[in-house]
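A.B. asks: The opening residue of the sequence shown carries number 948 in my numbering; numbering runs sequentially from there.
Just passing along the structure, written as structure tokens.
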Amino acid sequence: MTPKATSMVFTGTGQPFRKKQSSLPYPGPGEILVQITYTTICTSDLHTYSGRRNAPCPCVLGHEIIGRIAVCGTGKHTDDTGIPLYAGDLITWCVYAVDATSEMARKGMPQKSPGLYKYGHQQFSDTDSLNGGFASHCLLKKGTAVFKLPDAINPKIAAPINCTHATIAGALRLAGSVAGKNILVTGAGMLGLSACAMAKAGGAAHVYTLDQHPDRLAFSKKFGITQTFSSNLTTHEIDARLSATEKIDVVIDTTGRPEVMTKGLELLSTGGCAIWVGAVFTQPATRVNAEMVVRKLLTIKGLHNYTIPDLEAAVGFITLHQHDYPFDALVGATFALDHLNEAFAAAGNGSYYRVGISQ
Ligand SMILES: [Zn+2]
């Protein structure tokens, strides 16, 4: 019998995923056919499922993916660090395939190249069906950055590398060296906890979290946190709890909430820098006091998605620090691919940082 691939297809807001089977393709030049082993449900998958984010329909969602190489097409023999690739190797890959010669890629912003091919965000069709994480296989297009992973890495830890951790690696790149600095991370969800761990591993003197959920603040203490703050506190109240040597040098915002981003700016000390990665949905304008920005020599930087060196940094960070923080505990439940509807219901109730799918 010819081997088949299975995909769980998103067919519309709130609709049950529909199971479809297709023939396994043979990868073309520069392509790789991957047997997916584990996928985590990202918050943006939940946004698409509930209609808060536009996506092609039908499509196969899921982009926080890892898998083992089934077949390499001609011309694809190494990962992006030059490590030889073989069938059976465990890999992660960039959430997009890009033409490296495009103008935006040459300017250092490959994620903004026109016509980007985005895994978990492509139209599902008879000729292009294996392009998302909630499936048995994924066909990696030419131009997809690939990184080999340690064979024994916990899949719960590895799957979020190519979205959560790569985005935060990009945020840390924009922040510059954090050694000896005090970092405030606003939002203690998946992205926020990754930021705490990376800042701490980067030599930050103190890392603080701010969030509206007491349980999330409590859990963040396992990620090297000095002190936590409820987002109900005013700027003045938070400032009063920080000593003169604890003033904030860098704020990394993962909430995307205007009032929180304003508070983060107000808490920055002279010369401070705010990195915004959370504001990826339509929202009211954020209030920025321009005189304060000028007088305090502040910098504001935004980041959407990430570059390929950011993904490489994230792979290196997780490989090195996977046991330093309880990353595995961030995936609260695992479901089989056939039970994707139950998995989305579990992920949507908000009690887990991530829910995983084991293929
Ligand atoms: Zn994501």
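All residues carry an ideal CB built from backbone N, CA and C; glycine is no exception.
The structure displayed is predicted, hence computed values, not measured ones.
Using 9 angstroms as the limit for Cβ to Cβ distance, is Arg-1204 near chain B?
C.D. replies: Among the chains in the structure shown there is no chain B, since it carries only a single protein chain.
A.B. asks: Taking buried to mean at least 16 other C-beta atoms within 10 Å of its own C-beta, is Ala-1105 buried or exposed?
C.D. replies: The residue you call residue 1105 lines up with position 158 of the sequence shown. When all chains shown are included, Ala-1105 counts as buried.
A.B. asks: Do you know whose CA, among Arg-1242, Leu-1284, Leu-1180, Asn-1288, lies nearest Thr-986's CA?
C.D. replies: For the purposes of this step, residue 986 is identified with residue 39 of the sequence shown, where counting begins at 1. Comparing Cα-Cα distances from Thr-986 to each of Arg-1242, Leu-1284, Leu-1180, Asn-1288, the minimum goes to Leu-1284.
A.B. asks: Classify Ile-1130 as helix, strand or coil using the three-state DSSP reduction.
C.D. replies: By one-based count along the sequence shown, residue 1130 stands at place 183. Three-state result, Ile-1130: strand.
A.B. asks: Going by Cα to Cα distance, which pick from Arg-1234, Leu-1215, Pro-1273, Ala-1116 is closest to Lys-1169?
C.D. replies: Reading the sequence shown from its first residue, position 222 is the one you call residue 1169. Residue Pro-1273 is the option with its Cα nearest to Lys-1169.
A.B. asks: Buried or exposed: which applies to Phe-1081, given that a residue is buried once 16 or more other Cβ atoms fall within 10 Å of its Cβ?
C.D. replies: One-based indexing of the sequence shown puts residue 1081 at position 134. It counts as buried.
A.B. asks: Go through its chain and collect everything with a Cβ distance to Gly-1149's Cβ below 8 angstroms, but skip five positions before and after it.
C.D. replies: In the sequence shown, counting from the first residue as 1, residue 1149 sits at position 202. Around Gly-1149: Leu-1119, Ser-1124, Val-1125, Ala-1126.
A.B. asks: On a Cα-Cα basis, can you pick out the residue from Ala-1191, His-1068, His-1024, Ser-1049 that is closest to Cys-1006?
C.D. replies: Start at 1 with the first residue of the sequence shown, and residue 1006 comes out as number 59. Among Ala-1191, His-1068, His-1024, Ser-1049, the Cα nearest to that of Cys-1006 is on His-1068.
A.B. asks: Taking the continuous beta strand (DSSP E) assigned at Arg-1301, which residues delimit it?
C.D. replies: As a first step, residue 1301 is located in the sequence shown; it is residue number 354 there, counting from the start. Residues 1301 to 1305.
A.B. asks: Listed by chain order, which residues have C-beta atoms less than 6 angstroms from any heavy atom of ligand 1?
C.D. replies: Result: Cys-989, Ser-991, His-1010, Glu-1011, Cys-1110.
A.B. asks: Which one or two residues does DSSP pair with Arg-965 in a beta bridge?
C.D. replies: For this step, residue 965 is matched to residue 18 along the sequence shown. Paired residue(s): Val-956.
A.B. asks: Which word fits Asn-968, buried or exposed, when buried means at least 16 other C-beta atoms lie within 10 angstroms of its C-beta?
C.D. replies: Start at 1 with the first residue of the sequence shown, and residue 968 comes out as number 21. The question names Asn, but residue 968 is Gln in the sequence shown. By the neighbour-count rule (16 or more Cβ atoms within 10 Å), Gln-968 is not buried but exposed.
A.B. asks: Rounded C-beta distance between Leu-1008 and Gly-1117? I'm assuming under 8 angstroms.
C.D. replies: The residue you call residue 1008 lines up with position 61 of the sequence shown. The residue you call residue 1117 lines up with position 170 of the sequence shown. Not really, about 22 angstroms apart at Cβ, beyond 8 angstroms.
A.B. asks: Please report the Cβ distance between Gly-1171 and Val-1154, rounded to the nearest whole angstrom; I am assuming they are in contact, meaning their Cβ atoms lie under 8 angstroms.
C.D. replies: Here residue 1171 corresponds to residue number 224 of the sequence shown, with the count starting at 1. Here residue 1154 corresponds to residue number 207 of the sequence shown, with the count starting at 1. About 6 angstroms separates the two Cβ atoms, so the contact holds.
A.B. asks: Which residue comes first and which comes last in the alpha helix (DSSP H) that contains Arg-1015?
C.D. replies: If you number the sequence shown from 1, residue 1015 lands on position 68. Looking at the DSSP string, Arg-1015 is not in any alpha helix (DSSP H); the run it does join, the beta strand (DSSP E), is 1011 to 1019.
A.B. asks: Is DSSP giving Val-1262 helix, strand or coil here?
C.D. replies: For the purposes of this step, residue 1262 is identified with residue 315 of the sequence shown, where counting begins at 1. DSSP places Val-1262 in helix when its eight states are reduced to three.
A.B. asks: Near Ser-1049, what residues of its chain come up, given a Cβ to Cβ distance below 6 angstroms and the 5 sequence neighbours on each side ignored?
C.D. replies: By one-based count along the sequence shown, residue 1049 stands at place 102. Cβ within range, chain order: Ser-1060.
A.B. asks: So what does DSSP say about Gln-1058, is it helix, strand or coil?
C.D. replies: Within the sequence shown, residue 1058 is the residue found at index 111, counting from 1. Gln-1058 falls in the helix class under three-state DSSP.
A.B. asks: Which runs of the beta strand (DSSP E) at least 3 residues long sit entirely within the stretch 1028 to 1115? Give them in chain order.
C.D. replies: Complete beta strand (DSSP E) runs here, min 3: 1037 to 1044, 1084 to 1087, 1091 to 1095.
A.B. asks: For the putative contact between Thr-960 and Gly-998, defined by C-beta atoms under 8 angstroms, what is the C-beta separation to the nearest angstrom?
C.D. replies: Start at 1 with the first residue of the sequence shown, and residue 960 comes out as number 13. Start at 1 with the first residue of the sequence shown, and residue 998 comes out as number 51. 4 angstroms between Cβ atoms; contact.
A.B. asks: Using the Cβ count rule (16 or more neighbours within 10 Å means buried), how would you classify Thr-1201?
C.D. replies: Numbered from 1 along the sequence shown, position 254 holds the residue referred to as residue 1201. Thr-1201 should be labelled buried.
A.B. asks: What span of residues does the alpha helix (DSSP H) with Ala-1002 cover, start to end?
C.D. replies: The residue you call residue 1002 lines up with position 55 of the sequence shown. Segment: none, Ala-1002 is in no alpha helix (DSSP H) and carries neither H nor E.
A.B. asks: In the structure shown, what three-state DSSP assignment does Tyr-889 receive?
C.D. replies: An answer regarding residue 889 cannot be provided, because it is not within the stretch 948 to 1306 covered by the chain.
A.B. asks: Could you tell me the alpha carbon to alpha carbon distance between Glu-1259 and Asp-1098, rounded to whole angstroms?
C.D. replies: By 1-based counting over the sequence shown, the position of residue 1259 is 312. By 1-based counting over the sequence shown, the position of residue 1098 is 151. The straight-line gap from Cα to Cα measures roughly 17 angstroms.
A.B. asks: Checking 9 angstroms against the spacing of the C-beta atoms, do Asn-1109 and Asp-1275 come in under that value?
C.D. replies: Walking along the sequence shown from the start, residue 1109 turns up at place 162. Walking along the sequence shown from the start, residue 1275 turns up at place 328. For Asn-1109 and Asp-1275, no; Cβs fall outside 9 angstroms.
A.B. asks: If we ignore side chains and look at the alpha-carbon of each, how far apart do Thr-1229 and Asn-1001 end up?
C.D. replies: Within the sequence shown, numbered from 1, the residue matching residue 1229 stands at position 282. Within the sequence shown, numbered from 1, the residue matching residue 1001 stands at position 54. Near 12 angstroms, if we compare the C-alpha coordinates of Asn-1001 and Thr-1229.
A.B. asks: At what residues does the beta strand (DSSP E) containing Ser-1177 begin and finish?
C.D. replies: Position 230 of the sequence shown, counted from the start, is the residue given in the question as residue 1177. Note, Ser-1177: beta strand (DSSP E), 1174 to 1177.
A.B. asks: I need the DSSP call for Phe-1228, collapsed to helix, strand or coil.
C.D. replies: The residue given as residue 1228 occupies position 281 in the sequence shown. Of the three classes helix, strand and coil, the one that applies to Phe-1228 here is coil, per DSSP.
A.B. asks: Which same chain residues, not among the five before or five after Leu-1077, have their C-beta less than 6 angstroms away from its C-beta?
C.D. replies: Stepping through the sequence shown from its first residue, residue 1077 is reached at position 130. These residues qualify, in order along the chain: Ala-952, His-1084, Cys-1085, Leu-1086.
A.B. asks: Drop a sphere of 10 angstroms on the beta-carbon of Pro-963, count the other beta-carbons inside from all chains shown, and report buried for 16 or more, exposed for fewer.
C.D. replies: Residue mapping note: residue 963 aligns to position 16 of the sequence shown, counting from 1. So Pro-963 ends up on the exposed side.
A.B. asks: Counting Cβ pairs closer than 8 angstroms, one from the stretch 1190 to 1206 and one from the stretch 1216 to 1227, do we hit at least three?
C.D. replies: A contact exists between the stretch 1190 to 1206 and the stretch 1216 to 1227.
A.B. asks: Under the three-state reduction of DSSP, which class applies to Ala-1283: helix, strand or coil?
C.D. replies: Looking up residue 1283 in the sequence shown gives position 336. Strand at Ala-1283.
A.B. asks: Just verifying my parser: in three-state terms, what is the DSSP assignment at Thr-1233?
C.D. replies: Mapped onto the sequence shown, residue 1233 falls at position 286. Three-state result, Thr-1233: coil.
A.B. asks: Can you tell me whether DSSP reads Ala-1221 as helix, strand or coil?
C.D. replies: Taking the first residue of the sequence shown as 1, we reach residue 1221 at position 274. Looking at Ala-1221 - three-state DSSP - the assignment turns out to be strand.
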